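Chains as they are written, first to last, in my numbering: chain W, 2 to 394; chain L, 178 to 500.
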């Protein structure tokens, strides 16, 4: 196989050979997936998983491995050109608590376990990549920074990625966020986002006769009704996701506190700002109407940003996906991709395989498509390395 | 050997053997081959994961193990297909030495593995371990590589119940504590140094495996311990703490049958040692109760601990291995 390609067509011609190498390392990839997947890694508790990742990097012969003060883990494969570096990133945390049974089950055509798709598989791909590149005999022109990102999800608010990009000194040519699912995913733009938590508290001396008998639940219900009343435009695309609600402890105990977690997403920064203002009004209004204490805690914000669909990175990624018979699913991202783009790093998010039951105990990934996903990733990496994804002046 | 001295010298923790590179070097220096045997019966849920981890970590990454073999008792689920798909050598127990007949039991698979597998060391690991990890093999093999005088390394699990969810806190070692340890305390006090004599994971030198008989049922671990102790003494044993093992929990009635089989094996060995027990007079029927509404009835299980002779007595084995 070639080491230096002249164009993406040459890389595409080598896809079968790259896939063959990926398949030959299936045991390594699956073993990494099982072992990483069985290490609990709730947001802010990723240390054990990152340590394992670093150990894997060392065993692959990477001499430059480290972790930073934010808990991120790195393995660096130096390139020939010190002015070019490619950042390959997978978030290390999962939505599952440490107390959850993290046993992974392997079957003939699938693997299941909590967090196996989001994002143990992404991390396992990073752990396997040095061995794969070694097997393929590729020596990259650019340096390759493999990063297991800590503190990404929920209240983590991409802290690990932001910390790295705020403090990194090495020039980064492009970035790829690796997500376990879904194969065919191609994100090159991030939506505007506001993630928040509404807390409704009713005082102990609450007037139950006058206000009704469901306490904080009634108040949060009023908040939900008001949020549903916010007019949302069809264009630019905008949505409000009511993600979770917590209140009450039993059949006959009037709850004094209720929490609603939600996320606003929009292609327009202006609309996100407008909705944020509407939400503030709703909080004040419900407070004055019910006598309850209603507060809004904004946990995370993102500005919409992204590459153009005609950006060479997007274009070449689409060409490679098409050569692998993958139909790209273009979805805006609100994860690490947005941080990279905000920091001026051209980046995309790719999925590795097909999966289902996301964020459930039996979160499942399919085995066979993994090798296509891995092939796609290596090919895009080679395209970036060859300079075929650089924007021309 | 004083028991306390034996415990301090012959008890290990898998963490002592983390340096797999060094372990592989030691194996190569000694010119040994090592086989991993996974005896199975309907283990489709767990077998794939075991093979992936052992093959990736202990064959591809660190070439400690030379072969991984599944010896199957005739599973009716996909155990054999999954095992083969993930790259193990798969054998149906009945196809090995078919001229000696087919018996049902884990011990049968372990015995036939001695003939089928090529390693100088054979490491047996049960196939139903949910939290499988490479330590389950290298933790047992390592003491044999570093201590030439040791021949039989048993696993024990210091924190078998530390798993927070899904496992009942009565999970491990009931038969050991209620039956085997009292028996050993009475008749073989030195053997009480073995923390979990019934654990299903052990690594053994071929020279030992070929010399001892194999009960095909519940008594295989107990008989091995008694036979190895009698022939090579306490110094032949080692034991390694593998931390935690999560597996299927057995019902008390099943453990009753296991205890019955072990007791029969123990009595037979004691008779061989010269104690006056007439095994002809000892019942092979285990009786347990079940209730139909308000009526109680006894159910009877015949538990006969058949034995396979030492492999070295089998002509085909002597021919295959040049003994």
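Glycine residues also receive a C-beta, built at the ideal position from the N, C-alpha and C atoms.
Bear in mind the structure is a predicted one, so any value in this text is a computation, not a measurement.
Residue 167 of chain W - containing alpha helix (DSSP H), residue span: 160-168
Going by the CB atoms, is the gap between residue 92 of chain W and residue 150 of chain W shorter than 9 angstroms? yes
Cα-Cα separation between residue 318 of chain L and residue 206 of chain L, rounded to whole angstroms: 15 angstroms
Assuming residue 236 of chain W and residue 352 of chain W make a contact with CB atoms under 8 angstroms, what is their CB distance in whole Å? With a Cβ gap of about 26 angstroms, residue 236 of chain W and residue 352 of chain W do not count as contacting.
Give the residues of chain W in contact with residue 259 of chain L, contact being defined as C-beta atoms less than 9 angstroms apart. 107, 108, 109
What is the DSSP secondary structure of residue 363 of chain W, reduced to helix, strand or coil? coil
Output, in sequence order along the chain, the residues in the segment 297-319 of chain L whose CB is closer than 8 angstroms to any CB in chain W. 307, 308, 310
Quick check on the DSSP output: the alpha helix (DSSP H) that includes residue 258 of chain W runs from which residue to which? Element bounds for residue 258 of chain W: not the alpha helix (DSSP H) but the beta strand (DSSP E), 258-267.
Relative to the C-alpha of residue 258 of chain W, which residue among W/119, W/179, W/200, W/231 is closest? W/200
For residue 438 of chain L and residue 396 of chain L, which I take to be in contact (beta-carbon distance under 8 angstroms), what is that distance rounded to the nearest angstrom? 5 angstroms
Cross-strand partners of residue 149 of chain W (DSSP beta bridge): W/74, W/91
So, under 8 angstroms CB-CB, residue 64 of chain W and residue 75 of chain W are touching, yes? Tell me the CB distance rounded to an integer number of Å. 12 angstroms between Cβ atoms; not a contact.
Return the chain-ordered list of same chain residues with a C-beta closer than 8 angstroms to the C-beta of residue 489 of chain L, the five sequence neighbours on each side being excluded. 387, 388, 495, 500
Closest by CA to residue 411 of chain L, which one among L/199, L/223, L/330, L/198? L/330
Secondary structure of residue 328 of chain L, DSSP reduced to three states: coil
So residue 32 of chain W contacts chain L; which residues on that side make the cut at Cβ distance below 7 angstroms? 229, 230, 233, 234
According to DSSP, simplified to helix, strand and coil, what is residue 486 of chain L? coil
DSSP three-state label for residue 44 of chain W, please. coil
Inter-residue spacing [alpha-carbon to alpha-carbon] between residue 389 of chain W and residue 359 of chain W: 34 angstroms
Tell me the residue span of the beta strand (DSSP E) that contains residue 384 of chain L. Careful: residue 384 of chain L lies outside any beta strand (DSSP E), inside the alpha helix (DSSP H) at 383-386.
If you compare alpha carbons, which of W/314, W/33, W/57 is closest to residue 188 of chain W? W/314
Mind checking if residue 36 of chain W is an interface residue toward chain L, Cβ cutoff 9 angstroms exclusive? yes
Contact between the segment 303-315 of chain L and the segment 185-200 of chain L is defined here as three or more beta-carbon pairs at a separation below 8 angstroms; is this criterion met? yes
Where residue 473 of chain L falls, given that 16 or more other Cβ within 10 Å makes a residue buried: exposed
Please tell me whether residue 380 of chain L and residue 298 of chain L are closer than 9 angstroms, where the distance is taken between their beta carbons. yes
Under 8 angstroms from the C-beta of residue 28 of chain W: neighbouring residues of chain L: 229, 232, 233, 237, 263, 264
For a test of the three-state rule: what should DSSP assign to residue 268 of chain L, helix, strand or coil? strand
Bridge partners of residue 27 of chain W, per DSSP? Answer is none; residue 27 of chain W lacks a bridge partner.
When you compare the CB of residue 217 of chain L with every CB in chain W, is at least one pair closer than 9 angstroms? no
Determine, for residue 104 of chain W, whether the minimum Cβ-Cβ distance to residues of chain L falls below 9 angstroms. yes
With H, G and I counted as helix, E and B as strand and the rest as coil, what does DSSP make of residue 139 of chain W? coil
Do the segment 270-280 of chain W and the segment 295-311 of chain W make contact, defined as three or more Cβ pairs closer than 8 angstroms? yes
Does the segment 7-25 of chain W come close enough to the segment 318-334 of chain W to have 3 or more Cβ pairs within less than 8 angstroms? yes
Per-residue burial, residue 161 of chain W [other beta carbons within 10 Å of its own, 16 or more giving buried]: buried
Stretch-stretch touch, CB-based, cutoff 8 angstroms, three pairs: the segment 390-406 of chain L with the segment 349-368 of chain L: yes
Beta-carbon proximity list for residue 355 of chain W, same chain, < 7 angstroms, skipping 5 on both sides: 182, 183, 184, 367, 370
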